[in-house]
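Each remark here refers to the structure printed beneath this line.
Number of protein chains: 2
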Amino acid sequence: MIRVLIADDHDLLREGLEQALGAVPDIQVLGTASSGKDLMDRLEEVTPDVIMVDVDMPEMTGLDALRQLKDRPPAIVVTMHESPVVLDQAVEAGAVGFLSKSTPLPRLAAAMRAAAAGEGFIDADYDLTDHMEPVLDPGAAALTARERELLSLLATGVSSTHELADKLFISQKTVKNHLASIYDKLAVSDRAQAAVEAIRLGL
Amino acid sequence: MIRVLIADDHDLLREGLEQALGAVPDIQVLGTASSGKDLMDRLEEVTPDVIMVDVDMPEMTGLDALRQLKDRPPAIVVTMHESPVVLDQAVEAGAVGFLSKSTPLPRLAAAMRAAAAGEGFIDADYDLTDHMEPVLDPGAAALTARERELLSLLATGVSSTHELADKLFISQKTVKNHLASIYDKLAVSDRAQAAVEAIRLGL
DNA sequence: AAAAATCTGGTGCTTCCGACCCATGGAGGC
DNA sequence: GCCTCCATGGGTCGGAAGCACCAGATTTTT
Numbered sequence: 548m549i550r551v552l553i554a555d556d557h558d559l560l561r562e563g564l565e566q567a568l569g570a571v572p573d574i575q576v577l578g579t580a581s582s583g584k585d586l587m588d589r590l591e592e593v594t595p596d597v598i599m600v601d602v603d604m605p606e607m608t609g610l611d612a613l614r615q616l617k618d619r620p621p622a623i624v625v626t627m628h629e630s631p632v633v634l635d636q637a638v639e640a641g642a643v644g645f646l647s648k649s650t651p652l653p654r655l656a657a658a659m660r661a662a663a664a665g666e667g668f669i670d671a672d673y674d675l676t677d678h679m680e681p682v683l684d685p686g687a688a689a690l691t692a693r694e695r696e697l698l699s700l701l702a703t704g705v706s707s708t709h710e711l712a713d714k715l716f717i718s719q720k721t722v723k724n725h726l727a728s729i730y731d732k733l734a735v736s737d738r739a740q741a742a743v744e745a746i747r748l749g750l
Numbered sequence: 548m549i550r551v552l553i554a555d556d557h558d559l560l561r562e563g564l565e566q567a568l569g570a571v572p573d574i575q576v577l578g579t580a581s582s583g584k585d586l587m588d589r590l591e592e593v594t595p596d597v598i599m600v601d602v603d604m605p606e607m608t609g610l611d612a613l614r615q616l617k618d619r620p621p622a623i624v625v626t627m628h629e630s631p632v633v634l635d636q637a638v639e640a641g642a643v644g645f646l647s648k649s650t651p652l653p654r655l656a657a658a659m660r661a662a663a664a665g666e667g668f669i670d671a672d673y674d675l676t677d678h679m680e681p682v683l684d685p686g687a688a689a690l691t692a693r694e695r696e697l698l699s700l701l702a703t704g705v706s707s708t709h710e711l712a713d714k715l716f717i718s719q720k721t722v723k724n725h726l727a728s729i730y731d732k733l734a735v736s737d738r739a740q741a742a743v744e745a746i747r748l749g750l
């Protein structure tokens, strides 16, 4: 019997999955969490064999929670952002599995069994090649920490050089330099496109 | 017994919901669809009492499917975009119910019962007031057809005045005029912010 | 220890964008 | 008929953004 914990901010998905996974013979849902913080709290109370974590959650991202958690059960990251960039970030955050939300449920169950057995499970079902060429360029998507920070701000609507510089405590020129290298890496040419990409990549 | 059809592109949500709703005594899941087109096809085969439709789906948007369907069962729109603009569009597309994906499952069941009984059901649980003031401004979010068209392009990464003008077959000056009025209505000041808003609003 | 990458900042230049002014023709409401 | 809104287009102008190239300090990697 594999004991799992589910972290997703959408009640409909969470409650639905709880029910559906509970119907699988060798899987038992120990509990659920609706945010990264919530997940961390729950892991103090229960110790599941596997945790399923959504990337996009309020309060704290699923990936952020994984990064902060030491000595936690193997984690399977589930997201609607089917992008190699998010996959990279998930792996970097210590995930052993990566699945799209469009993955059929049996596949999730299989991933959980694999994770519980100490194996990895990366979903290769969805097609990453059609709209991801620029990002797939070797090393291209490797945004630095500062670049990600800036891009995240951009994705939340902070668009002017001035504001960005203020929030990051750096000069406007440095903002422009970071932006230029972001444009280069994401294969875009202005802030609007960069913001669209950033959101699409789930930042 | 209320017979429902579920349209959502995420297998995990769809299969989970199917299972969970099937466990509700007075609800029976007749079938599922994974896109707007799929939904239209399924409605040729079965005639549920209520349909649950996700907004964001590949191939064809849930709202587009609703607009094209004549003589269909009452529809409950479910989305992760908790915004009055999306709500407006859902109502305009003929939805009788509107729910966030963060809504608890019993509430979805209640909405389905209400819809089957010929009543409406608008979710008022989530907080629209904290980050939506500008858009809530009376009439402010009332983008015109052309403005929406332009904004959609912007949200897909078409950012330069030149490209926008080409794709819409209008002069660059008209593009700028439309943009200016979009900025006004969305309370933003440049394309990057407009793009972020557009995506957040689910365009 | 050496090399590479990152973060920080600079100059100069050109292009683009956003703000504000306006006008015309058509569709729809009163 | 009149008035408002919408879509289309024009012009100007200051400031912002993007581009190219450069460079020192620190960190990370090799």
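For the protein sequence lines, the chains are A and B, in the order given. For the first sequence, the working numbering gives the first residue as 548, with consecutive numbering after it. For the second sequence, the working numbering gives the first residue as 548, with consecutive numbering after it. Using N, Cα and C, we set each Cβ at its ideal position, and we do this for glycine too. Everything numeric in this text was worked out from a predicted model, so none of it was measured.
| Cβ distance (whole Å) where ALA742 (chain B) is taken to contact ALA702 (chain B) below 8 Å | Right, their Cβ atoms sit about 5 Å apart.
| What three-state label does DSSP hand ASP713 (chain A) in the structure shown? | Reduced to three states, the DSSP call for ASP713 (chain A) is helix.
| query | Given 8 Å as the limit, is there contact between the stretch 603-611 of chain A and the stretch 571-585 of chain A, that is, 3 or more CB pairs closer than that? | reply | Yes, since at least three Cβ pairs between the stretch 603-611 of chain A and the stretch 571-585 of chain A fall closer than 8 Å, the two stretches touch.
| query | Taking Cβ positions, are VAL735 (chain A) and LEU559 (chain B) nearer each other than 8 Å? | reply | In this structure, LEU559 (chain B) does not lie closer than 8 Å to VAL735 (chain A) by Cβ.
| request: Return no unless some Cβ of chain B is closer than 8 Å to the Cβ of VAL625 (chain A). | output: VAL625 (chain A) belongs to the set of residues whose beta carbon lies under 8 Å from a beta carbon in chain B.
| Between the beta-carbon of GLN719 (chain A) and the beta-carbon of ALA712 (chain A), is there less than 8 Å? | Yes, these two residues count as a Cβ contact at 8 Å.
| field | Whole-angstrom distance between ILE746 (chain B) and LEU645 (chain A), CA atom to CA atom | value | Checking the sequence shown, residue 645 (chain A) turns out to be Phe, not Leu. When rounded, the distance between both Cα atoms is 25 Å.
| query | Looking at the structure shown, is VAL602 (chain A) part of a helix, part of a strand, or coil, going by DSSP? | reply | In the three-state reduction of the DSSP assignment, VAL602 (chain A) falls in the coil class.
| For VAL576 (chain B), does the three-state DSSP call read helix, strand or coil? | Strand.
| task | Return no unless some Cβ of chain B is closer than 8 Å to the Cβ of VAL571 (chain A). | result | No Cβ of chain B is located within less than 8 Å of the beta carbon of VAL571 (chain A).
| N- and C-terminal bounds of the beta strand (DSSP E) containing ALA664 (chain A) | That residue, ALA664 (chain A), is in no beta strand (DSSP E); it is neither H nor E in DSSP.
| Where are the beta strand (DSSP E) runs, 3 residues long or more, that stay fully inside the stretch 600-642 of chain A, in chain order? | Counting only runs of at least 3 residues, the stretch 600-642 of chain A fully encloses the following beta strand (DSSP E) elements, listed from N- to C-terminal order: 622-626.
| said: Using beta carbons (cut-off 8 Å, strictly below), is GLY704 (chain A) in contact with chain B? | reply: Taking Cβ atoms only, chain B reaches closer than 8 Å to GLY704 (chain A), which makes this a yes.
| request: Say whether chain A places a C-beta atom closer than 8 Å to the C-beta of ALA661 (chain B). | output: Not an interface residue.
| message | I'd like the span of the alpha helix (DSSP H) that includes SER699 (chain B), first residue to last. | response | Residues 692-702.
| said: Taking the alpha carbon of GLY641 (chain A) as the reference point, which residue from A:MET599, A:LEU655 and A:ALA657 has its own alpha carbon closest? | reply: Closest option to GLY641 (chain A), Cα to Cα, is A:MET599.
| Own chain, CB closer than 6 Å to ALA622 (chain B), minus 5 neighbours either side, in chain order | The beta carbon of ALA622 (chain B) lies closer than 6 Å to those of ILE598, VAL600, LEU613 and ALA642 in the same chain, with the five residues before and after it left out.
| task | Drop a sphere of 10 angstroms on the beta-carbon of SER699 (chain B), count the other beta-carbons inside from all chains shown, and report buried for 16 or more, exposed for fewer. | result | Exposed is the call here.
| field | Cα-Cα separation between ALA662 (chain A) and ARG619 (chain A), rounded to whole angstroms | value | Using only the alpha carbons, I get a separation of about 12 Å.
| said: Does SER728 (chain A) come out as helix, strand or coil in the three-state DSSP assignment? | reply: SER728 (chain A) falls in the helix class under three-state DSSP.
| request: Taking a Cβ distance cut-off of 7 Å, strictly less, list which residues of the stretch 632-654 of chain A are near chain B, in chain order. | output: Residues passing the 7 Å Cβ filter: LYS648, SER649, THR650, PRO651 and LEU652.
| For the beta strand (DSSP E) that contains LEU646 (chain B), what are its first and last residues? | For LEU646 (chain B), the enclosing beta strand (DSSP E) stretches over residues 644-647.
| request: Tell me where the alpha helix (DSSP H) around ALA742 (chain B) begins and ends. | output: Per DSSP, ALA742 (chain B) belongs to the alpha helix (DSSP H) from 738-747.
| field | For ARG693 (chain A), the nearest candidate out of A:LYS714, A:GLY704, A:HIS709 and A:SER707 (CA to CA) | value | If we check each option's Cα against that of ARG693 (chain A), A:LYS714 comes out closest.
| message | Can you check which of these residues, B:VAL705, B:PRO653 and B:THR691, is closest to GLY569 (chain B) by C-alpha distance? | response | Looking from the CA of GLY569 (chain B), the closest CA among B:VAL705, B:PRO653 and B:THR691 belongs to B:PRO653.
| query | For the beta strand (DSSP E) that contains ALA570 (chain A), what are its first and last residues? | reply | Per DSSP, ALA570 (chain A) belongs to no beta strand (DSSP E) and is neither H nor E.
| request: Kindly indicate which residue of B:LEU655, B:SER630 and B:THR691 has the alpha-carbon position closest to the one of LEU748 (chain B). | output: For the set B:LEU655, B:SER630 and B:THR691, the Cα lying nearest the Cα of LEU748 (chain B) is the one of B:SER630.
| query | What does ASP618 (chain B) reach in chain A if we use C-beta pairs closer than 8 Å? | reply | Correct list: empty, because the minimum Cβ distance to chain A is about 28 Å.
| Rounded straight-line distance, which links the Cα of ARG738 (chain A) to that of ASP677 (chain A) | In this predicted model, ASP677 (chain A) has a pLDDT of only 29, less than 50, meaning its place in the structure is not dependable; the value taken from the coordinates is given anyway. About 23 Å.
| What residues in the stretch 550-562 of chain B bring their beta carbon closer than 8 Å to a beta carbon of chain A? | Within the stretch 550-562 of chain B, the qualifying residues are ASP556, HIS557, ASP558, LEU559, LEU560 and GLU562.
| said: I'd like to know if ILE717 (chain A) contacts chain B, where contact means its C-beta is closer than 8 Å to some C-beta of that chain. | reply: Among the CB atoms of chain B, none fall inside 8 Å of the CB of ILE717 (chain A).
| query | Hey, ILE549 (chain B) and ASP588 (chain B) are a contact pair by Cβ (cut 8 Å); roughly how many whole angstroms apart? | reply | For ILE549 (chain B) against ASP588 (chain B), the beta-carbon gap comes to about 22 Å, at or over 8 Å, which does not count as contact.
| Buried or exposed: where does ASP731 (chain B) fall if 16 or more other Cβ atoms within 10 Å of its Cβ makes it buried? | Its Cβ having fewer than 16 others within 10 Å, ASP731 (chain B) is exposed.
| said: Measuring straight from C-alpha to C-alpha, what distance separates ALA656 (chain B) and ILE574 (chain B)? | reply: A straight line joining the alpha-carbon of ALA656 (chain B) with that of ILE574 (chain B) spans about 8 Å.
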